[in-house]
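Protein sequence lines, in the order shown, are assigned to chains S and Y.
For what it's worth, our numbering labels the leading residue of the first sequence as 1, then goes sequentially.
For what it's worth, our numbering labels the leading residue of the second sequence as 222, then goes sequentially.
Using N, Cα and C, we set each Cβ at its ideal position, and we do this for glycine too.
Computed from a predicted structure; not experimentally measured.
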Amino acid sequence: MESLLVKDVTYSYRNKYQTVHALNSVSAEFEPGKMYAIIGASGCGKTTFLSLLAGLDVPEGGSIEWNGETTSSMDRDRYRRESASVIYQNFNLFQHLTMLENAAYPLYMRNMPKKEAEMEAKENLLAVGLREEQFGRLPNMLSGGEQQRVAIARALASGSRIILADEPTGNLDSENGRNIVEILKRLAHTENCCVVIVTHDSAVAAEADVVLKMRDGRLEE
Amino acid sequence: MSMWQVTICAMARRRRWTILLILIALLVTGTAMVLCMLTVRQEAALEKTMDNTVISCVVTDPWGTGQDNLHMATGFVDLLCGLRHEKGYYQDEYIKNVRSKASIKLIKPQEYTMVCLLTSDSDYSLTDAGGGSMTLFDGWDDSVFAGDREVCVIPRGLAVDGEYIEIDNGSFSVALRIIGTHTGPEKTLYCPFHAMDFHDGQSYMVTADSCSFDIKDARRLDEAKASLYEVFGEPNADDHAGSRPAFAVRINDDILRSTLKEIRGNIRTLHLLTPILLLIGAAVGFFAAYLSTQSRLREYAVMRCLGMKRGEVFRVALSEHLLIALVGGVVGAAVGIALSGTFTLRMLLYGAGGVFAFLIGTASSVSRVTRINVMKLMKTEE
Chain S
1 MESLLVKDVT
11 YSYRNKYQTV
21 HALNSVSAEF
31 EPGKMYAIIG
41 ASGCGKTTFL
51 SLLAGLDVPE
61 GGSIEWNGET
71 TSSMDRDRYR
81 RESASVIYQN
91 FNLFQHLTML
101 ENAAYPLYMR
111 NMPKKEAEME
121 AKENLLAVGL
131 REEQFGRLPN
141 MLSGGEQQRV
151 AIARALASGS
161 RIILADEPTG
171 NLDSENGRNI
181 VEILKRLAHT
191 ENCCVVIVTH
201 DSAVAAEADV
211 VLKMRDGRLE
221 E
Chain Y
222 MSMWQVTICA
232 MARRRRWTIL
242 LILIALLVTG
252 TAMVLCMLTV
262 RQEAALEKTM
272 DNTVISCVVT
282 DPWGTGQDNL
292 HMATGFVDLL
302 CGLRHEKGYY
312 QDEYIKNVRS
322 KASIKLIKPQ
332 EYTMVCLLTS
342 DSDYSLTDAG
352 GGSMTLFDGW
362 DDSVFAGDRE
372 VCVIPRGLAV
382 DGEYIEIDNG
392 SFSVALRIIG
402 THTGPEKTLY
412 CPFHAMDFHD
422 GQSYMVTADS
432 CSFDIKDARR
442 LDEAKASLYE
452 VFGEPNADDH
462 AGSRPAFAVR
472 INDDILRSTL
482 KEIRGNIRTL
492 HLLTPILLLI
502 GAAVGFFAAY
512 LSTQSRLREY
522 AVMRCLGMKR
532 GEVFRVALSE
542 HLLIALVGGV
552 VGAAVGIALS
562 GTFTLRMLLY
572 GAGGVFAFLI
582 GTASSVSRVT
592 RINVMKLMKT
602 EE
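Right, here's the structure in full:
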């Protein structure tokens, strides 16, 4: 069975003056069909861990495996394109593309014809509760909750099985936050995605199937 | 294709940066073309100056102080006219419009002087500037003075019976056919330069009073000077040595030289400005693209997060600037042509050089999007 397997991962940041050990011997297994929440104080290494899960860098020690292949040895660009999507607190939408174009971007990257790509993107946008009359709007004309839904629709377009969310409700009011968590939960439970959320919010963590606590670069269940 | 469409849509919406970058590309291209046009015009002016400037030369005494009453053997005039090739003199290769006159005192008509002319303007007093003129009868023209016909031009108002006038210089007498009148010096008759050479089987020594001519081709001025200085000396007021040539030639090329110096200086400056402009174009392209990409680093990081490879991100960023350079280049070329009022292939090449310099600058700036640290960028900008 496919799962995201983290084995004894270490990672540190270095600059001219110091070395900061962000992750110390972190091990975990993330399975599809479940929503995981990683909680912890600021600076404990949550975002770093999520970035490594997304394949934005490779661990210094240990390994992260998906489908039996480590992120150190795989084509990580392809991994991000096809298997793992990241959702950020500040949405990270392309400001000069419409809602529809943002949601279809991963499909454009695959050279899918524009019409076809937008057809599929429309389905994803409707699936996360957005209305068709909004599709032509630019991100700055949308609320935070709507922007985060577009980010989720964009993640869905890439067909990823792993959804990594870094404080997805951090910039949203509680109602919109709840809605976003509901969508992510649905993705895990009905679409069989592996959803990993990094959060400060205990209410969000309470919705997760598994809560992992990170402290000083170590993971505790 | 869809990526291209989306990129163009995004560029159209990012109006401020897009227009600014297009304007920069337009300026670089247009300026390069105008610079080319200015260079072409200066080069044309150089050619025109070479073609149209008359470089006059005057034979003087060795010191350059006197140019009349030279008493110069007419052989010098002959070699200037190209009549001494058989003796190895080819001065006529470099000069044209030789003017010369020689004077003979006459006893009949009494107190008259016979002036032998090589051309009608060889005597200053017969020219417009000198206040005189010459009118030839029908069937005669200036070319008669280059020959040895026994004809003459008499002062207007001089009463003569018939078509001929009898002249006598004490050595020989001859009847000259009257072919025109003049309003120059009163007691002067004019005849062709060689009309007085032979009479009654005898050769008479006539000496030239003055001699002047023009340089044939300004492009060969230095060659012409060297050739002329083989026959005549260079005027030197301080030289009193005995071995100097009997005559000197003053070549009035100062105006030409100063004009050419100015035009060549302009051309040099324009040639120097071209690489400077291209460098500025590249630098401005670099900084404009730097600022443009700096404000969008997060966008490029998101592209990487979505799985785009470094090279693909570079291609997206570069293609935007390529399109901008193309639009700016085309509009700049149109502006350059409109300002210049002309179009040449060379101008097009200059314009293309401007676009290329702009692209080099932008490409080197855009290349840094491939080196962004996505993890750090996403983390620090949160």
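For Ser51/S, decide whether its Cβ has a neighbour in chain Y, counting only Cβ atoms nearer than 8 Å.
-> Indexing the first sequence from 1 puts residue 51/S at position 51. Judged by the 8 Å Cβ criterion, Ser51/S is in contact with chain Y.
Proximity winner among Leu156/S, Gly55/S, Tyr108/S, relative to Ser223/Y (alpha-carbon distances) | Numbered from 1 along the second sequence, position 2 holds the residue referred to as residue 223/Y. Out of Leu156/S, Gly55/S, Tyr108/S, the CA that lies nearest to the CA of Ser223/Y is found in Tyr108/S.
Which residues does DSSP pair with Asp389/Y in a beta bridge?
-> Indexing the second sequence from 1 puts residue 389/Y at position 168. Paired residues: Lys329/Y, Ser394/Y.
Output the residue ranges of the beta strand (DSSP E) runs that lie fully inside the region 165-215 of chain S and measure 3 residues or longer, sorted by chain position.
-> Listed in chain order, they are 194-199, 210-215.
First through last residue of the alpha helix (DSSP H) which encompasses Lys446/Y | Residue mapping note: residue 446/Y aligns to position 225 of the second sequence, counting from 1. First-last of the alpha helix (DSSP H) with Lys446/Y: 442-452.
Under 8 Å between beta-carbons, which chain Y residues line up against Phe94/S? List them in chain order, please.
-> Looking up residue 94/S in the first sequence gives position 94. The contact set of Phe94/S on chain Y, defined by CB atoms closer than 8 Å, consists of Ala231, Glu520, Val523 in chain order.
Does the region 311-319 of chain Y come close enough to the region 382-396 of chain Y to have 3 or more Cβ pairs within less than 8 Å?
-> The region 311-319 of chain Y is not in contact with the region 382-396 of chain Y.
Outcome for Gly136/S when other beta-carbon atoms lying within 10 angstroms are tallied against a minimum of 16 | Taking the first sequence and counting its residues from 1, the one referred to as residue 136/S is at position 136. Taking all protein chains in view, the Cβ of Gly136/S is surrounded by fewer than 16 other Cβ atoms within 10 Å, so the residue is classified as exposed.
If you draw a straight line from the alpha carbon of Ser85/S to that of Gly177/S, how long is it in whole angstroms?
-> Mapped onto the first sequence, residue 85/S falls at position 85. Mapped onto the first sequence, residue 177/S falls at position 177. Those two C-alpha atoms are separated by around 19 Å.
State the start and end residues of the unbroken beta strand (DSSP E) segment that holds Tyr11/S.
-> On the first sequence, residue 11/S is found 11 positions in, with the first residue counted as 1. Element bounds for Tyr11/S: 4-14.
Euclidean distance between Cα positions of Leu126/S and Tyr521/Y | Here residue 126/S corresponds to residue number 126 of the first sequence, with the count starting at 1. Here residue 521/Y corresponds to residue number 300 of the second sequence, with the count starting at 1. One C-alpha to the other measures close to 27 Å.
So the alpha helix (DSSP H) Glu520/Y belongs to, where does it begin and stop?
-> Your numbering for residue 520/Y matches position 299 in the second sequence. It spans 518-526 - the alpha helix (DSSP H) in which Glu520/Y sits, taken as one unbroken run.
Within this structure, are the beta carbons of Gln134/S and Phe91/S separated by less than 8 Å?
-> By one-based count along the first sequence, residue 134/S stands at place 134. By one-based count along the first sequence, residue 91/S stands at place 91. With contacts defined as CB atoms closer than 8 Å, Gln134/S and Phe91/S fail to qualify as a contacting pair.
Just to check, is the beta-carbon of His21/S closer than 7 Å to a non-hydrogen atom of the ligand NAD?
-> Although the ligand NAD was asked about, the structure shown includes no ligands whatsoever.
In angstroms with no decimal places, state the Cα-to-Cα distance between Lys115/S and Gly129/S.
-> Mapped onto the first sequence, residue 115/S falls at position 115. Mapped onto the first sequence, residue 129/S falls at position 129. Using only the alpha carbons, I get a separation of about 21 Å.
Extent of the continuous alpha helix (DSSP H) to which Trp361/Y belongs = For the purposes of this step, residue 361/Y is identified with residue 140 of the second sequence, where counting begins at 1. First-last for Trp361/Y: undefined, no H or E at that position.
Neighbouring residues, chain Y, relative to Ala101/S (Cβ below 9 Å) | Within the first sequence, numbered from 1, the residue matching residue 101/S stands at position 101. Note that residue 101/S is Glu in the sequence shown here, rather than Ala. Ordered by position in chain Y, the residues that pass the 9 Å Cβ test against Glu101/S are Val227, Cys230, Ala231.
Candidates Phe535/Y, Gly553/Y, Val427/Y, of which the one nearest Arg592/Y by Cα | Numbered from its first residue, the second sequence carries residue 592/Y at position 371. Looking at the Cα atoms, Phe535/Y is the closest of the given residues.
Min CB distance Asn15/S to chain Y below 8 Å = For the purposes of this step, residue 15/S is taken as the residue at position 15 of the first sequence. No - not a single Cβ of chain Y is within 8 Å of the one on Asn15/S.
Shorter than 8 Å from the beta carbon of Glu603/Y to some beta carbon of chain S?
-> By 1-based counting over the second sequence, the position of residue 603/Y is 382. Annotation note: pLDDT 40 at Glu603/Y (below 50); position unreliable, no value reported.
List in chain order: all unbroken alpha helix (DSSP H) runs of 4+ residues lying wholly within the region 464-546 of chain Y.
-> Note on the region 464-546 of chain Y: whole alpha helix (DSSP H) runs with a minimum of 4 residues are 475-515, 518-526, in chain order.
Specify whether the region 471-487 of chain Y and the region 558-569 of chain Y touch according to this definition: at least 3 beta carbon pairs, one from each stretch, less than 8 Å apart.
-> Judged by Cβ distances under 8 Å, the region 471-487 of chain Y makes no contact with the region 558-569 of chain Y, as fewer than three pairs qualify.
For Lys34/S, the three-state DSSP class (helix, strand or coil) | Start at 1 with the first residue of the first sequence, and residue 34/S comes out as number 34. It is coil, neither helix nor strand.
How do the region 59-73 of chain S and the region 95-104 of chain S stand: do at least 3 beta-carbon pairs fall below 8 Å, yes or no?
-> The region 59-73 of chain S, when compared against the region 95-104 of chain S, does not touch it at the 8 Å Cβ threshold.
Tell me, to the nearest whole angstrom, how far the beta carbon of Val198/S is from that of Asp166/S; I am working on the premise that it is less than 8 Å.
-> The residue given as residue 198/S occupies position 198 in the first sequence. The residue given as residue 166/S occupies position 166 in the first sequence. 5 Å between Cβ atoms; contact.
Per DSSP, what kind of secondary structure is Leu248/Y in: helix, strand or coil?
-> For the purposes of this step, residue 248/Y is taken as the residue at position 27 of the second sequence. In the structure shown, Leu248/Y adopts helical secondary structure according to DSSP, grouped into three states.
Inter-stretch contact (C-beta, 8 Å, three-pair minimum) for the region 467-474 of chain Y and the region 271-279 of chain Y = By the Cβ criterion, the region 467-474 of chain Y is in contact with the region 271-279 of chain Y, since at least three pairs of Cβ atoms, one from each stretch, lie closer than 8 Å.
Can you have a look at Glu29/S and say buried or exposed, based on whether 16 or more other CB atoms are within 10 angstroms of its CB?
-> As a first step, residue 29/S is located in the first sequence; it is residue number 29 there, counting from the start. Classification for Glu29/S: exposed.
Just the C-alpha distance for Asn457/Y and Thr286/Y, rounded to the nearest angstrom, thanks.
-> Numbered from its first residue, the second sequence carries residue 457/Y at position 236. Numbered from its first residue, the second sequence carries residue 286/Y at position 65. When rounded, the distance between both Cα atoms is 9 Å.
Secondary structure at Ser42/S, three-state DSSP: helix, strand or coil?
-> On the first sequence, position 42 is the one that residue 42/S refers to. Here Ser42/S carries a coil assignment [DSSP, helix/strand/coil].
Enumerate in chain order the residues of its own chain whose CB-to-CB distance from Met254/Y is below 6 Å, with the five nearest sequence positions on each side excluded.
-> On the second sequence, residue 254/Y is found 33 positions in, with the first residue counted as 1. So the list reads Gly557, Met568, Tyr571, Gly572, once near-sequence residues are dropped.
With a cut-off of 8 Å on the beta carbons, I'd call Leu338/Y and Lys322/Y a contact; round off their distance for me.
-> For the purposes of this step, residue 338/Y is taken as the residue at position 117 of the second sequence. For the purposes of this step, residue 322/Y is taken as the residue at position 101 of the second sequence. Indeed, because the Cβ distance is near 5 Å, the residues count as touching under 8 Å.
Should Val595/Y be flagged as near chain S, meaning a C-beta pair shorter than 8 Å?
-> Taking the first residue of the second sequence as 1, we reach residue 595/Y at position 374. Val595/Y belongs to the set of residues whose beta carbon lies under 8 Å from a beta carbon in chain S.
When DSSP labels each residue in this structure, what does Trp284/Y get in the three-state scheme?
-> Within the second sequence, residue 284/Y is the residue found at index 63, counting from 1. Annotated three-state conformation of Trp284/Y is coil, per DSSP.
Whose Cβ in chain Y lies nearer than 8 Å to the Cβ of Pro106/S?
-> As a first step, residue 106/S must be located in the first sequence, where it is residue number 106. At a C-beta separation below 8 Å, Pro106/S has these neighbours in chain Y: Leu527, Gly528.
Which residue's Cα is closest to the Cα of Ala203/S: Arg215/S, Asn179/S, Asn192/S?
-> Looking up residue 203/S in the first sequence gives position 203. Considering only alpha carbons, the answer is Asn179/S.
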